[in-house]
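J.: Here it is, the structure, as structure tokens.
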Amino acid sequence: MKAIFKYSALALTASTALFSCGPQKTEETVTEVEVMETKTPTLTLLWETPDSLMTNESVLYDESTGTIYVANIEGQDPSEKDGKGSIAIISKEGKIVNPAWISGLNAPKGMAIANGKLYVTDIDELVEIDIATSKVSNKWKVEGAQFLNDAAAHNGTVYFTDMKAGKVHSFANGEIATISEGHESINGLAVGTDGTIYGLDASGLKKWDADGSASVLNSTVTGGDGLIILGDGNYIASRWQGEIYFANDSTQTLILDTKGAESNTADIGYNAAEKIVYVPTFFKNKVAAYKLDY
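Numbers 412 to 705, taken from my numbering, label the letters of the sequence shown in order.
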């Protein structure tokens, strides 16, 4: 963001001496000059949950209810079908409301909400959870899936990535389709208000055009995990290793680095109304909330 400041400049203009040698008349002109100052975005820690959310990989904030969902792999292997995975619910103050709201999953990762259902990627399945009844209502097997990861929703359609297969899938009306492929290590996914799809893969931050073709917006923010659309061409992107960036189509600024503390920054969530970023720390087993100032 940029702040605008104004100051006055004095311009002295000598009046024309008309047929006389009398005293010169001076005129003061006030000129407004805009000085553009760039503000560096920051993240300020607000709270952390207790460290009992085992191997938490993803956080989703539900704007309609204020509920914060956390996907917990529980095990050490994000590809293992061990039935230990769960979805927890935490409060906006960082308290664990329900550590196992949904249990019996394998390695749950990305989450999205559509039509009263919470959809969760779980290795090779898209799990459908009825929010009202707190029960798994369906499991959709994804043909050829290798490592399903992030998810996002728009107008009732759920989009999700397969990181190892390099694909982006869609789910609507009980049908799964592949909408794009050939994206190495595709992970983070977000959908704009106009339906434009954005993602993070080995080539950087990219978007998909209406015809299905993809173009890279920022080739520096590579290997990203979580993606947030802020608007006005700005984004927040996380890298699992412990980095969070403020980025647009030409620049990127590292605004959080927790590698020294060996704290990961996996699939982040966002409360847009309060500008709060929720960070799943994976092996640190807690969620950290940060106030975003930009």
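Using N, Cα and C, we set each Cβ at its ideal position, and we do this for glycine too.
Please name the residue, chosen from V481, E673, G599, T631, that lies closest to L516 on a Cα-to-Cα basis.
T.: V481
J.: Is the beta carbon of A564 closer than 8 Å to that of A625?
T.: no
J.: Could you give the DSSP three-state label for A564: helix, strand or coil?
T.: strand
J.: Please state if the CB of V690 and the CB of Y681 are separated by a distance shorter than 8 Å.
T.: no
J.: Which residue wins for smallest C-alpha separation from T669, given the options G644, T662, W551, A699?
T.: A699
J.: Contact defined as beta carbons within less than 8 Å: I believe A583 pairs with G567. What is the distance between those atoms, to the nearest angstrom?
T.: 6 Å
J.: Could you tell me which whole beta strand (DSSP E) segments of length 3 or greater appear in the segment 552–601?
T.: 559–565, 568–573, 578–583, 586–592
J.: Mapping the DSSP letters down to three states, classify A677 as helix, strand or coil.
T.: coil
J.: Among G642, S674, M574, G671, whose alpha-carbon lies nearest the alpha-carbon of D605?
T.: G642
J.: Buried or exposed: L703, going by 16 or more other Cβ atoms within 10 Å of its Cβ?
T.: buried
J.: DSSP beta-bridge partners for P519?
T.: D533
J.: Can you find the residues in the same chain that come closer than 8 Å, C-beta to C-beta, to F430, ignoring five residues on each side of it along the sequence?
T.: With a pLDDT of 34 at F430, under the threshold of 50, the predicted position of this residue should be treated as unreliable, though the coordinate-derived value follows. Correct list: empty, nothing qualifies.
J.: Under three-state DSSP, which class holds K506?
T.: coil
J.: Under 8 Å by Cβ, that's how I've got D535 and K552 pegged, so tell me the actual separation to the nearest angstrom.
T.: 7 Å
J.: Are three or more beta carbon pairs between the segment 627–639 and the segment 648–658 nearer than 8 Å?
T.: yes
J.: So if DSSP puts G642 in a beta bridge, which residue, or which two residues, is it bridged to?
T.: N645
J.: Closest to S463 by CA distance: which of S630, G486, A621 is it?
T.: G486
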